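Novice: Could you have a look at this structure, given as structure tokens, before my questions?
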Amino acid sequence: MNRQLYEYSYELRKQRKRKFLFFIIYFLVIYFLINIIFAFLIFPVKQASTSMVPDFPENSISFVTPLNVMVNRGDVVLLKNKVIDPKNVFEKIWHNISIFFTAQQYDSYANKDYPDTNNQIRRVVGLPGDEIYMTDYVLYIKPQGEKHFLTEFELSKKAYNLTFVTPPVGWNGSVGVKGSFEPITLGSDEYFVLGDNRIAVSDSRLWGSVSRKDIKGKILLKYFPFNSIKFY
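53 is the number of the first residue of the sequence shown in the working numbering; add one for each residue after it.
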């Protein structure tokens, strides 16, 4: 009798052990699949500032795709952070691991005290070959091969809203973030990006145009707040 109980108990322990291992493996597989999806297909990004109000309010969350898709005028994109310090091999490995296993939510080299080291969401308003200038925070664009300048709103196929104020008479537009600048022509791999909050944001007016490799992904869907869900 005691032997039967022992064997029965042993069999139960084996079954419980198999179930436990199954759940551990199942959890790990799901975890890796989710992180692979977030690393290569789509991942969430939180807007931590007011740089893109009103369409992307502070603390809003959007889905971004890192797939190599065409960048069009009016697209909202996620830019890579601007890390100046070089990284050695071990730092690069840790950096990639931290991004992968936190589903793109933690960057070991981002620093809240230095905003430009964080990923930035900005709107693409100037494409390669464009001639552009700004007056009173509105961008005017003459696409390559065209004869006339049009506003960014007339050329963009996507409607969007801006936050800016009309400067008072005599205001020096070169103070702070420029509200006006003279015409410049973008190179073959130069994109001009701006924040929708034109009076309180760092963008191409401060750090110049960006290249295609600086664009980490495109916004596909803003899903929070839930009362303002929108596809892009």
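Built from N, CA and C at the ideal position, the CB exists for glycine as well. Predicted model, so just to flag it, every value in this text is computed and none were measured.
(1) Counting only the same chain and skipping the five closest in sequence on each side, list residues whose C-beta sits under 8 Å from that of D127.
(2) In whole angstroms, what is the alpha-carbon distance linking I94 and G181?
(3) Relative to the alpha-carbon of L131, which residue among F216, A91, R264 has its alpha-carbon at the smallest distance?
(4) Between the stretch 101-116 and the stretch 246-258, are three or more C-beta pairs nearer than 8 Å?
(5) Do three or more CB pairs link the stretch 229-236 to the stretch 178-195 at distances below 8 Å?
(6) Whose CA, out of F216, F142, F108, S61, lies closest to the CA of Y275?
(7) Taking Cβ positions, are I281 and V123 nearer each other than 9 Å?
(8) Drop a sphere of 10 angstroms on the beta-carbon of F115, count the other beta-carbons inside from all chains shown, and report buried for 16 or more, exposed for fewer.
(9) Distance check for Y78 and F72, CA to CA, integer angstroms please.
(10) Please identify the residue among I88, S261, F205 whose C-alpha is closest to the C-alpha of G239.
(11) Count the other CB atoms within 10 Å of the CB of S61; is the residue buried (16 or more) or exposed (fewer)?
(12) Figure out for me which residue from I89, E206, W259 has the closest Cα to the Cα of E242.
(13) For R68, count neighbouring C-beta atoms within 10 Å of its own C-beta (all shown protein chains included) and say buried if the count is 16 or more, exposed if not.
(14) Note down, in chain order, each residue of its chain lying with its Cβ closer than 8 Å to the Cβ of D208, except the 5 sequence neighbours on either side.
(15) To the nearest angstrom, how far is it from the Cα of A252 to the Cα of P106?
(16) Taking buried to mean at least 16 other C-beta atoms within 10 Å of its own C-beta, is F90 buried or exposed?
(17) Which one or two residues does DSSP pair with F276 in a beta bridge?
(18) Compute the Euclidean distance between the alpha carbons of F92 and N120, then round it to the nearest angstrom.
(19) I think Y185 touches E110, with their Cβ atoms under 8 Å apart; what is that distance to the nearest whole Å?
(20) Residues in its own chain within less than 8 Å of N171 by CB, not counting five upstream and five downstream?
(21) Give me the Cα-Cα distance between E183 and T215, rounded to the nearest whole angstrom.
(22) Can you tell me whether I173 is buried or exposed, with buried defined as 16 or more other CB within 10 angstroms of its CB?
Specialist: So, to answer that:
(1) R175, V176, K210, K270, I271, Y284
(2) Taking the straight line joining both Cα atoms gives about 30 Å.
(3) R264
(4) In the pairwise beta carbon analysis, the stretch 101-116 is classified as touching the stretch 246-258: at least three pairs are separated by under 8 Å.
(5) Per the Cβ contact rule, the stretch 229-236 is in contact with the stretch 178-195 (3 or more Cβ pairs under 8 Å).
(6) F108
(7) no
(8) buried
(9) 10 Å
(10) S261
(11) Burial check for S61: the Cβ neighbour count within 10 Å stays below 16, so the residue is exposed.
(12) W259
(13) Exposed is the call here.
(14) According to the sequence as given, residue 208 is Ser; it is not Asp. R125, G126, V177, listed in sequence order.
(15) Cα-Cα distance, rounded: 12 Å.
(16) buried
(17) F276 is bridged to I113.
(18) 10 Å
(19) Not quite, the Cβ-Cβ distance comes to about 30 Å (not below 8 Å), so this is no contact.
(20) V97, L130, L131, K132, N133, D159, A162, K268
(21) Straight-line spacing of the CA atoms in E183 and T215 works out to 23 Å.
(22) buried
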